[in-house]
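Residues -9 to 428 (our numbering) are what the sequence shown spells out, left to right.
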Amino acid sequence: MFESATFKGEARFGSATFEDVAVFGLATFESEAVFESATFKGDAEFGLAAFKGDADFESATFKGDAWFESATLIQADQFGPLVCAGRLVLSGAMFDSPVTLSCAVRHLECRRTRWSSTAEIRLRYATVDFAHAVFEYPLTIAAEPDPFVLNDGQPLAENVFPSAYDPGVRVASLRGVDAAHLVLADLDLWECLFTGTVHLDQLRLEGACTFNTAPPAMHLRRWPPVRFTHRRVLAEEHHWRARQSGAVQGWVPGTGWAGPLQLAPIYRALRKAFEDGKHEPGAADFYYGEMEMRRHADDIPRSEKGLLTAYWALSGYGLRASRALAWLSVAMLLTIVLLMAFGLAQDTPKQTATGTVPAGGGKVTFEIDKDDPQNPTGNRFTGERFEKALNVTLNSVVFRASGQDLTTAGTYIEMTSRFTEPVLLGLAVLAIRNRVKR
């Protein structure tokens, strides 16, 4: 028990083994604190401790929880590499100088932790809670793919973790963080909560940062049937959709309270962050999420909601080429059927010339006219009429007149197709471009 102790010189506990709970709460380390290769078999309590010199925890092993809540580290430029089988709690701690934290830890809690200078946090195995953390300078949170290397060149022993345990790093929360100086690298953001994060559009995502996805496959056990296409989805959208009546299986319930009004600006900010990083396909996913939240929000007029619903149904907000092409195919087929049934004339009208020959000769004037197209009768669905209808429809798609003789109904059918079908073709081209551009 070293609670409230003051160490005026160097405090050396290198290679020490603490069999039970180690209490250094409220302790003051005036000079260097050395816990190199120390082993804590129980919990370690450093809450409210003040480290005025270096805090050397290289190769330290915590088999329980390590509490550094509200601790102050004034000159520590390195913290670790260390191993913690339980929770490493840095909530409320203060780092006054540039520091690198290297930890293989099960859970890292940095709620309301304050960094007054640049910092780099390199982790393995961890689930990180960064809610309401404060940093005024660039801060990087990154996953370390390989075991940490100690000063003597040996890898850090990670025996407290089962061999099958995933060494990846998962972020649980960034709520309340100012992300203007935040860099995330190679992190799992499947369950990350972003509600309340500010300057999210300035967040930098490096490496392979992964997000949650929409439930796959077709869901037929409901009416109407629904199919969600693959896209990146925030954990909060999973929580919101799981709370809705008639929600399909696959949406993950949670404690998140955010709804469309809160999620739309988050998607918008993340879209901009992806665009600034030149990751256009990823930005497209977040644009889709933003539009979905706008469509489901309660603060927009019905007319705008109707337009968004039509935009979604026709082309998935200009991002689903297959949907636009399917509607284009339906529109073309419908145009062909209508033209064959009502639009094509029975026969091609023939031109006639009429005139009067003056008595005794002289100048003859002829008037050339053409009979009005006659509505079809008899068998309308023939191969010849199909070929003519297909010609009219294909010309309509590229906004050209076919030159075919049409009835009055056929003229209006062609006019309608010349407006709708090029729009659907344009939406399909737009969707393909949004998916392949860089």
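Positions of the beta carbon are idealized from the N, C-alpha and C atoms, including for glycine.
Secondary-structure assignment with DSSP links ASN202 through a beta bridge to VAL223. Burial is judged here by how many other beta carbons sit within 10 angstroms of a residue's own beta carbon; ASN149 has fewer than 16 and is exposed. Checking the DSSP bridge columns, you'll see ARG423 has no partner listed. Of the other Cβ atoms in all chains shown, 16 or more fall within 10 Å of the Cβ of LEU164; this residue is therefore buried. Bridge partners of MET84 according to DSSP: THR62, ARG104. Counting other Cβ atoms within 10 Å of its Cβ, VAL188 stays below 16 and is therefore classed as exposed. In terms of Cβ geometry, VAL167 and ARG194 do not form a close pair [threshold 8 Å].
If you look at SER92, you'll find it in the beta strand (DSSP E) that goes 89 to 99. Taking LYS42 as reference, the option from PHE58, GLY54, GLU22 with the minimal CA-CA separation is GLU22. Across the structure, LEU16 and LEU38 are spaced so that their CA atoms are roughly 5 Å apart. Residue pairing of ALA314 in beta bridges, as defined by DSSP: absent, with no partner found. When the Cα atoms are used, ILE111 and LEU91 turn out to be separated by approximately 5 Å. In this structure PHE52 is not in contact with PHE36, their Cβ atoms being roughly 11 Å apart against a cut-off of 8 Å. Per DSSP, the unbroken alpha helix (DSSP H) holding SER293 starts and ends at 292 to 305. Residue state for GLN192 is assigned as helix, using DSSP reduced to three classes.
Within the model, the alpha-carbon separation for LEU323 versus ALA198 is close to 44 Å.
Within the DSSP secondary-structure output, LEU16 pairs in no beta bridge.
In this chain, the alpha helix (DSSP H) harbouring LEU251 covers 250 to 266.
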